[in-house]
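Residue numbers (the numbering used here): 24 to 171. Below is one structure, written out as structure tokens; the observations come after it.
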């Protein structure tokens with residue numbers, strides 16, 4: 024009897040998926056009515072499918088959530104654009120200042136050196152921190168999970 028019940032497990036699965044023909048469904052129902060073990064198994068599978076279907080029904084967010092979402096998208100876009108414009112302007116200003124610093128004879132050589140040394144130290148610190156951050160970003164397991 025156990026081997027006969029094994030063949031009905033496939034039909035139970037097919038029934039829950041809606042894949043059985045009318046003849047197969049009738050055969051399964053007749054067997055389930057006469058076999059208490061298969062009846063329990065079939066009922067348990069039905070409850071499992073129903074519970075799983077309820078658990079995975081997505082809830083629609085309220086309209087306010089969409090407003091907040093769009094506001095966040097626009098804010099991020101505006102800020103990224105602002106940072107890009109600021110960086111391009113600062114780089115252009117830095118290049119222009121460097122050219123004037125090198126070419127213009129209004130400063131003495133010693134004054135130029137006294138200005139260049141702290142600027143060089145600041146540049147070295149910046150490159151050091153940038154190198155460390157880039158190295159850490161390659162090995163950081165959680166950087167993809169965190170949305171900044």
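Glycine included, C-beta positions come from ideal geometry on N, C-alpha and C. Everything numeric in this text was worked out from a predicted model, so none of it was measured.
For a cut-off of 8 Å, the C-beta gap from residue 48 to residue 38 is around 6 Å, short enough to register as a contact. Between the stretch 27 to 34 and the stretch 46 to 62, the count of C-beta pairs closer than 8 Å reaches three or more; the two stretches touch. Linking residue 114 to residue 107 through their CA atoms gives a straight-line distance of about 11 Å.
Counting along the chain, no alpha helix (DSSP H) covers residue 83, and no H or E run does either. Per the coordinates, the alpha-carbon of residue 156 lies some 22 Å from the alpha-carbon of residue 99. Sequence-distant partners of residue 162 (beyond 5 residues in either direction) whose C-beta falls short of 7 Å from its own C-beta are missing from its chain. Across the structure, residue 65 and residue 79 are spaced so that their CA atoms are roughly 21 Å apart. Residue 124 sits close to residue 135, with the two beta carbons spaced by under 8 Å.
Residues of the same chain with a CB within less than 8 Å of the CB of residue 69, apart from the 5 flanking positions on each side, are 39 in chain order.
Within the same chain, no Cβ atom closer than 6 Å to the Cβ of residue 97 is found once the five residues on either side in sequence are excluded.
Taking C-alpha positions only, residue 129 is separated from residue 145 by approximately 24 Å.
Residue 150 sits exposed, since fewer than 16 C-beta atoms from the chains shown fall within 10 Å of its C-beta.
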